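Working notes for the structure below.
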Amino acid sequence: MIDHTKASLTLLLLAAAATALLPGTARAQEIQTIRLADVDLTLEGDPGSFRVTVQTRADEPGREIAVLTLESEQSETPPPLLLTWSLPAHDMQGIWTTANWSNKTIGPDWSMSGVSSMFARHAPVLALFGSDDGNRITIAVSDALNTVQLRAGIREEDGTVRGRIELFSEPQPATRKAEIEIRLDRRQIPLREALADVSEWWAGLPGYEPAPVPELARLPMYSTWYSYHQSLVADDLLREVELAKELGYEAIIVDDGWQTLDSQRGYAYTGDWEPERIPEMREFVDGVHDRGMKILLWYSMPLVGEESNIFPEFRGKYLRYWEGQGAWVLDPRYPEVREHLIDTYRKAMRDWGVDGFKLDFLGFFVATDSTELTLADGRDFASVSEAADRLLTDVMAELRAVNPDVMIEFRQPYIGPLMRKYGNMFRAADAPHVAMDNRLRTVDLRLLSGNTAVHSDMFMWHAGDSVEAAALQFLSILFSVPQLSVRLERIPPDHREMVRHWTGYWLQNRDVLLDGEFVPHAPLANYPLLEAVSDHKRIVAVYGDMVIRVPADHGRRALDVVNAGPMSRVVLEVGGRLGSFRYRVLDTMGREYGASTVELLPGVYRFTVPRSGLIELTPTP
Numbered sequence: 000m001i002d003h004t005k006a007s008l009t010l011l012l013l014a015a016a017a018t019a020l021l022p023g024t025a026r027a028q029e030i031q032t033i034r035l036a037d038v039d040l041t042l043e044g045d046p047g048s049f050r051v052t053v054q055t056r057a058d059e060p061g062r063e064i065a066v067l068t069l070e071s072e073q074s075e076t077p078p079p080l081l082l083t084w085s086l087p088a089h090d091m092q093g094i095w096t097t098a099n100w101s102n103k104t105i106g107p108d109w110s111m112s113g114v115s116s117m118f119a120r121h122a123p124v125l126a127l128f129g130s131d132d133g134n135r136i137t138i139a140v141s142d143a144l145n146t147v148q149l150r151a152g153i154r155e156e157d158g159t160v161r162g163r164i165e166l167f168s169e170p171q172p173a174t175r176k177a178e179i180e181i182r183l184d185r186r187q188i189p190l191r192e193a194l195a196d197v198s199e200w201w202a203g204l205p206g207y208e209p210a211p212v213p214e215l216a217r218l219p220m221y222s223t224w225y226s227y228h229q230s231l232v233a234d235d236l237l238r239e240v241e242l243a244k245e246l247g248y249e250a251i252i253v254d255d256g257w258q259t260l261d262s263q264r265g266y267a268y269t270g271d272w273e274p275e276r277i278p279e280m281r282e283f284v285d286g287v288h289d290r291g292m293k294i295l296l297w298y299s300m301p302l303v304g305e306e307s308n309i310f311p312e313f314r315g316k317y318l319r320y321w322e323g324q325g326a327w328v329l330d331p332r333y334p335e336v337r338e339h340l341i342d343t344y345r346k347a348m349r350d351w352g353v354d355g356f357k358l359d360f361l362g363f364f365v366a367t368d369s370t371e372l373t374l375a376d377g378r379d380f381a382s383v384s385e386a387a388d389r390l391l392t393d394v395m396a397e398l399r400a401v402n403p404d405v406m407i408e409f410r411q412p413y414i415g416p417l418m419r420k421y422g423n424m425f426r427a428a429d430a431p432h433v434a435m436d437n438r439l440r441t442v443d444l445r446l447l448s449g450n451t452a453v454h455s456d457m458f459m460w461h462a463g464d465s466v467e468a469a470a471l472q473f474l475s476i477l478f479s480v481p482q483l484s485v486r487l488e489r490i491p492p493d494h495r496e497m498v499r500h501w502t503g504y505w506l507q508n509r510d511v512l513l514d515g516e517f518v519p520h521a522p523l524a525n526y527p528l529l530e531a532v533s534d535h536k537r538i539v540a541v542y543g544d545m546v547i548r549v550p551a552d553h554g555r556r557a558l559d560v561v562n563a564g565p566m567s568r569v570v571l572e573v574g575g576r577l578g579s580f581r582y583r584v585l586d587t588m589g590r591e592y593g594a595s596t597v598e599l600l601p602g603v604y605r606f607t608v609p610r611s612g613l614i615e616l617t618p619t620p
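Okay, structure coming up:
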C-alpha cells in the first residue's frame, strides 16, 4: 500500500517483470522509475489518497506509451505530479514545441525551454532534434484539455539534457479517477515524421476526432483586419471583394469592427453582436455571395463588454474581468451561457447567411485562482476546460447541422489536438509585415495539424515598397493557405500583378504545396529551405543564399525553385543523372526572364533568377 507519510511517490506493485518490452506487449509496474524506450522517467509527488498505477506498452521498437492512472475511494483534487528524465545530449541541437517559434535552441536546465499547454493553449508535445533534423526524443501527452507542462534543458556540469513533465499543476475539480498517457518516441526518423505521428496518435484518441475540412477552407481568402481594422464600410468592402475575386481569392473574413461603432480597439461594447457598422448585414452578405465569394465573421467568443446591453443578463456568470479592456469573460460552465453563444452563431448563419466564423480569444476560457471548481449556483460543469470543450463541440455540431461546410478559424496559440475537433482552419499568430515570423508559424502549424487547413497570418506590406520586397510576404507563406490583407484598390499596378501571378501559381500547384510530402529544413535556422514533393513535381523555396540539393531519386519529376533569398541566382547540386530538362525563368510578376534546356548530370548548376522570381524545370520527352 502507499505510505502517505512519505513525500515521494511510491507505486502499487502490479507486476514484477522488468524485461524489455516487445511490440504489442504491455506490463504494469511498481517502480518509482518508469522505463520507456530506454529512458527512465522518475515520478515525484505526494499522491495523497490516490492509488497510483502505471501500465506501459510498446507499439513498435523505439516508441512506447505509459498509462498513468490515479484512483481514490472518494473524490479528491488530483495532486501535482512530476516526471523527470535525463539523457546524454548526443547531437541534441534544438528543441521543438508549439511555443518556441523563432528560438529553437535548448536552454540550460536552470532556465528550461518548453511549453505549457491546455484546452486552448498550445499542444502537449516536446521534441529534441539533431543537426540532421532527425528526432532524438519526442514526448507527447494525451491530455490536451488540462494544463500540461513539458520542459527540457542542458545541464552544464555534465552535458546531459534534463527534462520535466508536470501534470495536474493547476487546480482541477475533485475526481475519483484520472488517467493520462505519456508517449515517448526515440526512433531515428526525421523530426517532421515524429511530429506527424504524434498528430495522428492524438486524432485517434476518444473525443479528439478532427472536424471535416471543406474544400473552401483550403482556398485563398481576403481579410479585413490589417487593411481596414475597424473602419469597415459595406460598399468599400464589396469593391474589395470584386478585386480579390479577380485575383483568385474565394472568401472574405470580416474582422473586428462590424459589430460596433466604437473604434478604440477595446471590447467594452462587445457582446450584443448587432451589425452597427454594417446595419444591412443580410444585404451585404448577399452582395458578397453575388460576387462569387463566401464570408466569415469575426466574434470574440468569451467576451462581453461592460457597456453592452447584454452585460447585466449574465451578471454572476463571468470568470473574471479583463482590466483595461472593459470586458468580462463568460463562464461556459453555465448551460445558459453555452446556449446563448451557440444561438448567436446559429442565428448569424440562418438570418444573415454567413458561411463561417473566426472565433477569437478562446484562451480566456480558463479558471483563475479564485474560480470555485464546483457544480454550485446552477453550473452543470465544475471544470472550466470541460465546459469549454462541451461548448465548442456543440458549436461545431450545431453549425454543421445548418451548413455541413461551415468554416471555423482559430489562431495560434489556441491550436492543438482538441482544437482540431472544433475548427477546420488554423491561422498563424499575428505577424504583420514580418515575413519570417509568418513562415515560421505556418511551418510549425503544418507539422502538427494533419489535414486541418493551415492559413498564413494575413500578409501585408507598404504600398510604396518595391514589388520584389512586397512579394516576399507571399513567398514566405507559400506552403500554407494564403490570407491577404492590403487595400487592393490602393496598391500599385505592379503589386497587383504580383499578387495575381503568385496566387495563380499557388492555385495551380496547391496539390503539391498542401498535399505533397512537406519537408522543412533546418528548424534551428528558422527553416531557410522548404520543399513539397509529389509524384510528379518538387517545389522548393529558398530564403537564404543556399545550395539546393536535388537527390538522385528526384527522377523525372518537374522541379520549381522559388528564389525568396537575397541573391539573383539559384544554385542546384544534382546528385544523379536526371536527363534533359527545359527551364523557364520568371520574375515576380510572372514575366518570362529567360528559357533554355539543360542536361542535368551529377554536379553543380548555377541559374540567374531574379529576386522573388522562379525557375521552372520540366523534363523533356
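If you use numbering that gives the first Met the number 0, the sequence shown closes out at 620, no skipped numbers anywhere. Don't be surprised by glycine CBs; every beta carbon is placed ideally from N, CA and C. None of the values given here were measured: they were computed from a predicted structure.
Contact annotation, Ala427 with Gln472: C-beta distance approximately 12 Å; criterion of less than 8 Å not satisfied.
The region 376–430 contains, as complete alpha helix (DSSP H) runs of 4+ residues, the segments 383–401, 418–421 (chain order). Collapsing the DSSP output to three states places Pro331 in coil. When DSSP reads this structure, Tyr320 sits in a beta bridge with Trp327. Note that the C-beta distance between Ile64 and Glu180 is below 7 Å. Annotation: the continuous alpha helix (DSSP H) that includes Trp224 extends over 224–227. Assignment of Thr104 by DSSP, reduced to helix, strand and coil, places it in the coil class. If you compare the alpha carbons of Ala375, Tyr421, Thr370 with that of Thr392, the shortest gap goes to Tyr421.
Ranked by Cα distance from Leu585, the options Glu178, Glu615, Gly575 are led by Glu615. Classified as buried, His500 has 16 or more neighbouring CB atoms from the shown chains inside 10 Å of its CB. Taken through DSSP and simplified to helix, strand or coil, Ala122 comes out as coil. Ala122 counts as buried, since at least 16 other C-beta atoms from the protein chains shown sit within 10 angstroms of its C-beta. As the crow flies, the alpha-carbon of Gln171 is around 7 Å from that of Leu372. Secondary structure within the region 161–236: the beta strand (DSSP E) runs of 3 or more consecutive residues, fully enclosed, are 174–184, 220–222 (chain order). Rounded to whole angstroms, the separation of the alpha carbons of Arg175 and Glu70 is 6 Å.
Two segments are said to touch when three or more pairs of C-beta atoms, one from each, lie closer than 8 Å; by this definition the region 203–219 does not touch the region 80–89. The Cβ atoms of Leu523 and Gly93 lie closer than 7 Å to each other.
Residue state for Thr619 is assigned as coil, using DSSP reduced to three classes. Listed as beta-bridge partners of Gln148 by DSSP are Ser115, Glu165. Of Leu558, Val124, Glu306, the smallest CA-CA separation from Thr146 is found for Val124.
One alpha carbon belongs to Tyr227, the other to Asp429, and they sit about 15 Å apart. By the neighbour-count definition (other C-beta atoms within 10 Å, threshold 16), Gln148 is a buried residue.
The beta carbon of Arg120 sits closer than 7 Å to the beta carbons of Gly362, Pro412, Tyr413 from its chain, once the five residues preceding and following it are set aside; these are given in chain order. Around Ile547, the same chain offers Leu528, Val539, Val541, Val560, Val569, Val570, Leu571, Glu572 as residues with beta carbons nearer than 8 Å, after the five sequence neighbours per side are excluded. Nearest Cα to Thr370 within the set Ser382, Phe360, Gly377: Ser382. For Tyr604, the uninterrupted beta strand (DSSP E) run begins and ends at 602–607, by DSSP. Of the candidates Leu417, Trp460, Leu329, Gln258, Leu417 places its Cα closest to the Cα of Ser116. With respect to Glu305, Ala347 sits apart: the two C-beta atoms are not nearer than 7 Å.
For Ser141, the closest of Pro211, Pro311, Ala177, Ser611 by C-alpha to C-alpha distance is Ala177.
Between the beta-carbon of Glu516 and that of Val498 there is about 28 Å, and that puts the pair past the 8 Å contact cut.
If you check the CB distance, Trp200 and Met457 do not come in under 7 Å. Annotated as proximal: Ser74 and Ala173, with beta-carbon spacing under 7 Å.
Here the C-alpha atom of Leu296 lies approximately 38 Å from the C-alpha atom of Glu165. Residue pairing by DSSP places Gly578 opposite Leu599 in a beta bridge. Shown here for Glu155: same chain residues with a beta carbon closer than 7 Å to its own, the five before and five after excluded, namely Pro107 in chain order. Put simply, the backbone Cα of Glu275 is about 58 Å away from that of Leu35.
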